[in-house]
Structures are given as structure tokens and as C-alpha cells.
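See below for the structure under consideration.
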Amino acid sequence: MANKDDLPVLIVGGGIGGMAAALALARAGIASCVLEQASQFGEIGAGIQLGPNVFHMFDRLGIRDRIDKDAVRVEKLVMKDSLSAETITEVPLAGEFAERFGNPYAVSHRADVHGALLTACEDSPLVALEHSQRVASIEETGDDVIAVADTGKTYRGGALIGADGLWSRVRSHLFDDGPPRVSGHVAYRAVLPYEDFPEDLRWNAATLWAGPHNHLVHYPLRRNELFNIVAVFHDDAYVEGWNEPGDRDALMRRFAGVGPQPMSILERVESWRMWVLCDREPIDTWSKGRITLLGDAAHPMLQYFAQGACMAIEDAVCLADKIVIAERDFAAAFRAYEKERYLRTGRVQLMARFLGDIYHAEGVARELRNQALSQRTPKQSHDGLAWLYGGP
Numbered sequence: 004m005a006n007k008d009d010l011p012v013l014i015v016g017g018g019i020g021g022m023a024a025a026l027a028l029a030r031a032g033i034a035s036c037v038l039e040q041a042s043q044f045g046e047i048g049a050g051i052q053l054g055p056n057v058f059h060m061f062d063r064l065g066i067r068d069r070i071d072k073d074a075v076r077v078e079k080l081v082m083k084d085s086l087s088a089e090t091i092t093e094v095p096l097a098g099e100f101a102e103r104f105g106n107p108y109a110v111s112h113r114a115d116v117h118g119a120l121l122t123a124c125e126d127s128p129l130v131a132l133e134h135s136q137r138v139a140s141i142e143e144t145g146d147d148v149i150a151v152a153d154t155g156k157t158y159r160g161g162a163l164i165g166a167d168g169l170w171s172r173v174r175s176h177l178f179d180d181g182p183p184r185v186s187g188h189v190a191y192r193a194v195l196p197y198e199d200f201p202e203d204l205r206w207n208a209a210t211l212w213a214g215p216h217n218h219l220v221h222y223p224l225r226r227n228e229l230f231n232i233v234a235v236f237h238d239d240a241y242v243e244g245w246n247e248p249g250d251r252d253a254l255m256r257r258f259a260g261v262g263p264q265p266m267s268i269l270e271r272v273e274s275w276r277m278w279v280l281c282d283r284e285p286i287d288t289w290s291k292g293r294i295t296l297l298g299d300a301a302h303p304m305l306q307y308f309a310q311g312a313c314m315a316i317e318d319a320v321c322l323a324d325k326i327v328i329a330e331r332d333f334a335a336a337f338r339a340y341e342k343e344r345y346l347r348t349g350r351v352q353l354m355a356r357f358l359g360d361i362y363h364a365e366g367v368a369r370e371l372r373n374q375a376l377s378q379r380t381p382k383q384s385h386d387g388l389a390w391l392y393g394g395p
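The numbering of the sequence shown is the working numbering, which starts it at 4 and goes up by one.
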């Protein structure tokens, strides 16, 4: 029988969080085996926002150059009222922002971020990648963890990390705490070629149009070749998955009444993909023995703070650090990891919910939002983000 220290760490899920975990472990000299249920490794979705905090992680993972190659460094975050077109607030992202937080704010395609991680993992002899392997059962026995795929193939590891997202099977195995919380909000996404996006709105900014019970986000992607578009509105629909066809007529009805500028974007999109926004209540325990959770499996959050992938990548680096410090005492490392991470990720989960209420305000609440946020100075905006992005 192999020594338990020779066994790889099993990682269930080959998305951004799983790839980041495999790479972080490899850079610490620890072998892993990534089990992905899809027929190939890839990433579903379009745009992703990258705060200064995750650039620190890219440096740790050695992929900064790959990320910089495709990412767009936006000049500002802009929030506008979709009814009146007034600018509610702007957060400048160059100059003082970059100096204070030590890194830029950028936007990228999810596939580009995932591709940078995947390429680095493929280049590492310490990372094994297994696709078409949907984990059906997990068992911790003695000094190892056994995962059995629905193909019948069995994998043995020294520990197991569940990076299998919102509908995590690993989480169900550990806690059996039921399905995620449905927010009542649905997101539609699309991309348009740069030249097809309304010319008067081709800003180098991450822009959010806030409306009653809806909002619209857009920003450039891939060296300004594309524009990413996300439209969110209140709806009781529920479906699992991230890539269902969207109902264009339903979306247009939900945005009826917004001003001509945001409507000019929506009118140009013929095909949408949709997903239902869900999260969970924050918890302080993500592990049992030599099994733990990472990213959305541990702390799923609404997208309104644009930090889901960033938090998963932070998790990965922290987790690898704790395993090294604990000298591969996985149970101890996992306890230290969740202790360090749960308050930070829980704060993002709750702040994301709060921002959803702010973005979708109507009536008097909308007027008060516009009044309060319009009075914020750039320094006040930066101060409010310091706990997340780092810096003094």
C-alpha cells in the first residue's frame, strides 16, 4: 500500500476554483487529481470582474502574464439610473486606486481566466486531469479518501476538496443541508462584437444601469473585441445550471420603461443564456476530517459584488498554504483554512445580497440611493472597498 503522503489530493470540479486549487497545490509540491464531470475541461459563461485582491493570487500562482494578455483594465466603475440616465456614482480605478491597492481592476472572459489556470495545470507533472468523471460516492477510510465516479472508476487520495459549485455533491455528502436559497432573481448574459455595441456606450468602464427590480451591466472583453452584457430581473423561475436558453420576450417585458440608452443595448441582442441566482447562508464549518469545500461549494454568493471567482481563487491559495504549514495533516489544515476564510467570504455573501437591494430599488428608496451615492467622493468609495481589496 502506498504511503498516505504519496497519495494525491482529489479535487472534485474542474472549474476556476478547482483549477486554482490544483495549481496552488502543485506550486507547493503537492500532487492532485482533478475530477470533472463534463466531457472536457472548460468554462461556461462570459465576462468576469477581477478586483485587485485576486491579482495578488495570480502573482502567487504564477499566471499573471497570461491573465494580463487578455484582460481589459477598465478606467472606472459607473452606476447609472436606467430611468433618468443620470450618473449616480463613479469609482475611478486608475491612479490613486491602483497605487493604494497595489494592483489594477480588470475584466476578462471567464474562459480566458480558466484557460490560464488550465494551461498551467497541464504543464505541471503534479496535476492529473480526469474528465467525464462525475463523482457518485465518497468515503473516508483510515488514511485515505475514496471517490467513485458514476463510470465505476475509483480514485484514492490523501484528502478531497469539493470545488463542485453551487449544487455540490461533496457538500451534500458532508452536510446534507438541502438545496441552495433561491433569490428570486434571474440573470441573462450575452456578448456582442465591439462594432455591434452602441457606439455612444463603448466606455472603458464596468457600467451598471440600476432600475426598479432590474439592472443591466456591460463592459469590454478580450482586448476590446467584445462587450459583455448581463441583464438581471426579478422572477420566480428556477432551473439548475448556468447555460439555459433565455426568453428574449420575457426579458424585454421586464425592462420595459427603462431609458433609450440601456434599451438600445437590449434591442441588439437576439440570443441570451440564463441562470437563476442562488446563494446560501454563511456557515463557519466547511470540512469534516480530510474532506473540505472551496468556492461556491463552501460559500455560494450572488453575483452583485463580482467576487465569486475571486473568493474561490483566494480559497485555493489559502488552502495550499495551510496544508504546507500543517505538514499535510489535512484535517488540521482544513480547520485552519476555514477559520481564516469564513468571515471574509461570509461578509461578501451578505454584502452581495445587500447590493442587490440597492441596485433594484424603486420609489423613495431609489431616490435616497441616488442622493446618498452621488455624494460619495472617490476616496470614500476607495475606503469602503479597502477591507476587500487590501491596502491601508
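Every residue gets a Cβ at the ideal spot worked out from N, C-alpha and C, and that includes glycine. If you're wondering where the values come from, they're calculated on a predicted model, not measured in any experiment.
Annotated three-state conformation of W289 is coil, per DSSP. Taking 4 residues as the minimum length, the alpha helix (DSSP H) runs contained wholly in the stretch 306 to 355 are 311 to 328, in order along the chain. Within the stretch 11 to 65, the complete alpha helix (DSSP H) runs of at least 4 residues fall at 19 to 30, 55 to 64. In this structure W390 is exposed. Its beta-carbon is surrounded by fewer than 16 other beta-carbon atoms within 10 angstroms. Segment contact: the stretch 339 to 352 against the stretch 377 to 387, fewer than three CB-CB distances shorter than 8 Å; contact not assigned. Per DSSP, the beta bridge partners of I141 are A150.
Counting along the chain, S186 sits inside the beta strand (DSSP E) bounded by residues 184 to 196. Membership of T122 in the alpha helix (DSSP H) is indicated by the continuous run 113 to 125. From the listed residues R76, L53, D71, A131, the smallest Cα separation to G21 is found for A131. Between A193 and L280, the C-beta gap is not smaller than 7 Å, which leaves the two residues out of contact. In this structure, A123 lies away from L53, with their beta-carbon atoms at least 7 Å apart. Rounded to the nearest angstrom, the gap between the Cα atoms of R226 and R69 is 13 Å. In the structure shown, R276 falls within a strand segment according to DSSP collapsed to helix, strand and coil.
Apart from sequence neighbours up to five positions away, the residues of its chain that approach R257 with a beta-carbon distance below 7 Å are N217, F236, ordered along the chain.
Our two residues, V185 and D238, have alpha carbons roughly 10 Å apart in a direct line. Annotated as distal: V173 and V367, with beta-carbon spacing of 7 Å or more. Three or more pairs of CB atoms, one per stretch, sit closer than 8 Å, so the stretch 282 to 302 contacts the stretch 159 to 172.
A direct Cα-Cα distance of roughly 9 Å separates Y362 from M82. Following the DSSP letters along the chain, one finds R159 in no alpha helix (DSSP H) but inside the beta strand (DSSP E) bounded by residues 157 to 160. Look at W390 here: in three-state DSSP terms it is helix. Rounded to whole angstroms, the separation of the alpha carbons of M354 and S377 is 20 Å. Considering only G311, G260, G161, the residue with the shortest C-alpha distance to I33 is G161. In the structure shown, E202 adopts helical secondary structure according to DSSP, grouped into three states. Here N246 is not bridged, per DSSP, to any residue. Its chain contains A355, L358, G359, Y362 as the residues whose beta carbon lies nearer than 7 Å to that of Y307, once the 5 sequence neighbours on both sides are disregarded; these appear in chain order.
By alpha-carbon distance to D386, the top candidate from L120, A315, F100, P201 is F100.
In the structure shown, E93 adopts extended strand secondary structure according to DSSP, grouped into three states. Judged by DSSP in its simplified three-state form, D238 adopts coil rather than helix or strand. Here S140 is exposed, its C-beta having fewer than 16 other C-beta atoms within 10 Å. Residue environment: I268 is assigned as buried (16 or more neighbouring CB atoms within 10 Å of its CB, all protein chains considered). Under DSSP, Y362 shares a beta bridge with no residue. H218: not part of any alpha helix (DSSP H); member of the beta strand (DSSP E) spanning 217 to 224, first to last residue.
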